[in-house]
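Residue numbers (the working numbering): 42 to 405. Encoded as structure tokens, the structure appears first; notes follow it.
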DNA sequence: AATAGAAGGACCC
DNA sequence: AACCAGGGTCCTTCTTCA
């Protein structure tokens, strides 16, 4: 029944969430300028107003949560805290550090494929895959000017022009990317014939057997893996995260991107100190909306901060969701075999071999 | 009372 | 000068039907 009311004052909070996420290589003054340009070019569009409407609904939901939060009595909070602590002990007790998982993420995949086939795009060329209406992937050179995936091309063009450079567009060519994805997969198979293809530029590999068989560390396997991918594709780089769970491996794959790797040691202490300072948004499954809820209702920005608010977390969310978040905060998620079929096994549904990252309800 | 869809979100690349 | 994707999976909630 709430009438959707959009106040003028709500605008900044919504545009500030657009295309401003941190990537490297920009000063604060640049970022402010980029934000301003994106806002100026977006503010009158239908798309922007739709976005504001959604943000407003989320705001209402947050306000309702806040109210509930304030009503929680001390006793109630205490019992939620005990429940949370029991759950944490249980989850921690079942922590599985036995497997070595890798998450492989191709660097600027579409752009890298294009550059590989067109020498005029090599080096530090400022270009984007996509068109003036929508950008799919930006070259690293273009990212320095604030160009991002899912950004309208005409805005990207303006960002570059303001910086005195011109942005070149390259049309998307899916068959090309699938071809390179298949080449990369021939490399993945050398390490894990049953790897999980999460998307065309991302995969999970269980390196446990490979490491045991060759008597090498996860770090060494990651180095070999990156080398094999480079060779199989004749020039594409990727970033690799190594950890005892797929969730941690995925987060780790982002740490030294591009063309790098990062290992989270398979020890409880190392895992906890790796995940603690992580912004909540890094957790797969926590997106724009959930991040806002957690920050604006509980005041939590990082995993450690949310862990400190575990009682309220349990009070406000369903048991299922609370459990899901708590395990993520401990660095747990996706240790065991994946619930669905893997590469090389007969497909149940036939068409799509791709799986999402982690069907939740799965045993942790 | 249990359940199977459908619809609507959130989230991912 | 105009101009803001499209492919998915999964979860929650609502509705319906035997």
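From the three backbone atoms N, C-alpha and C, an ideal C-beta is built for every residue, glycine too.
With 16 other Cβ atoms within 10 Å as the buried cut-off, status of residue i
| i | result |
| --- | --- |
| residue 270 | buried |
| residue 29 | Outside the modelled stretch of the chain, which goes from 42 to 405, sits residue 29, for which no answer is possible. |
| residue 70 | exposed |
| residue 274 | buried |
| residue 364 | buried |
| residue 141 | buried |
| residue 338 | buried |
| residue 259 | buried |
| residue 272 | exposed |
| residue 219 | exposed |
| residue 366 | buried |
| residue 54 | Because residue 54 sits at a pLDDT of 43, beneath the cut-off of 50, its placement in the model cannot be relied upon, and the following sentence gives the value as read from the coordinates. It counts as exposed. |
| residue 44 | A caution first: residue 44 carries a pLDDT of 33, below 50, which makes its placement in the model unreliable, though a value can still be read off. Exposed, because fewer than 16 other Cβ atoms sit within 10 Å of the Cβ of residue 44. |
| residue 57 | Any reading at residue 57 must be qualified, since the residue scores a pLDDT of 44, below 50, and its modelled position is unreliable; the value itself is stated next. So residue 57 ends up on the exposed side. |
| residue 60 | buried |
| residue 256 | exposed |
Cβ separation of residue i and residue j, assumed to be a contact under 8 Å, to the nearest whole Å
| i | j | result |
| --- | --- | --- |
| residue 150 | residue 178 | 7 Å |
| residue 345 | residue 288 | Incorrect: roughly 16 Å between the Cβ atoms, too far for contact. |
| residue 225 | residue 157 | At roughly 12 Å, the Cβ-Cβ gap does not stay under 8 Å, so residue 225 and residue 157 are not in contact. |
| residue 232 | residue 245 | With a Cβ gap of about 11 Å, residue 232 and residue 245 do not count as contacting. |
| residue 357 | residue 347 | So it is not a contact: roughly 12 Å between Cβ atoms. |
| residue 290 | residue 144 | 4 Å |
Of the residues the options, the one placed nearest residue i, counting alpha carbons only
| i | options | result |
| --- | --- | --- |
| residue 286 | 255, 131, 324 | 324 |
| residue 242 | 227, 212, 362, 279 | 279 |
| residue 377 | 284, 341, 301 | 284 |
| residue 211 | 315, 152, 228, 251 | 152 |
| residue 375 | 103, 132, 223, 154 | 132 |
| residue 79 | 181, 168, 316, 199 | 199 |
| residue 10 | 171, 203, 202 | Residue 10 lies beyond the residue range present for the chain, which begins at 42 and ends at 405; the question has no answer from this structure. |
| residue 316 | 77, 197, 343, 264 | 343 |
| residue 247 | 222, 112, 281, 214 | 281 |
N- and C-terminal bounds of the beta strand (DSSP E) containing residue i
| i | result |
| --- | --- |
| residue 376 | Counting along the chain, residue 376 falls outside any beta strand (DSSP E), and DSSP gives it neither H nor E. |
| residue 192 | Unbroken run through residue 192: none, as it is neither H nor E. |
| residue 259 | That residue, residue 259, is in no beta strand (DSSP E); its alpha helix (DSSP H) goes 259 to 274. |
| residue 147 | 142 to 147 |
| residue 89 | It is not in any beta strand (DSSP E) - residue 89 instead sits in the alpha helix (DSSP H) that spans 87 to 112. |
| residue 36 | Past the boundaries of the shown model lies residue 36; the chain is included only from 42 to 405, so the question cannot be answered. |
| residue 209 | 209 to 211 |
Alpha helix (DSSP H) segment containing residue i, residue limits
| i | result |
| --- | --- |
| residue 185 | Here residue 185 belongs to no alpha helix (DSSP H), and DSSP marks it neither H nor E. |
| residue 166 | Run containing residue 166: none; DSSP gives neither H nor E here. |
| residue 344 | 344 to 349 |
| residue 215 | 215 to 232 |
| residue 245 | Per DSSP, residue 245 belongs to no alpha helix (DSSP H); it is in the beta strand (DSSP E), 243 to 247. |
| residue 150 | 150 to 158 |
| residue 369 | 360 to 370 |
| residue 134 | 115 to 134 |
| residue 314 | 309 to 316 |
| residue 70 | 69 to 83 |
| residue 292 | 287 to 294 |
| residue 330 | 329 to 339 |
Segment contact flag, the segment 203 to 219 with the segment 81 to 90, C-beta cutoff 8 Å, min 3 pairs: no
Touching by the beta-carbon criterion (3+ pairs, under 8 Å), the segment 132 to 146 and the segment 298 to 318: yes
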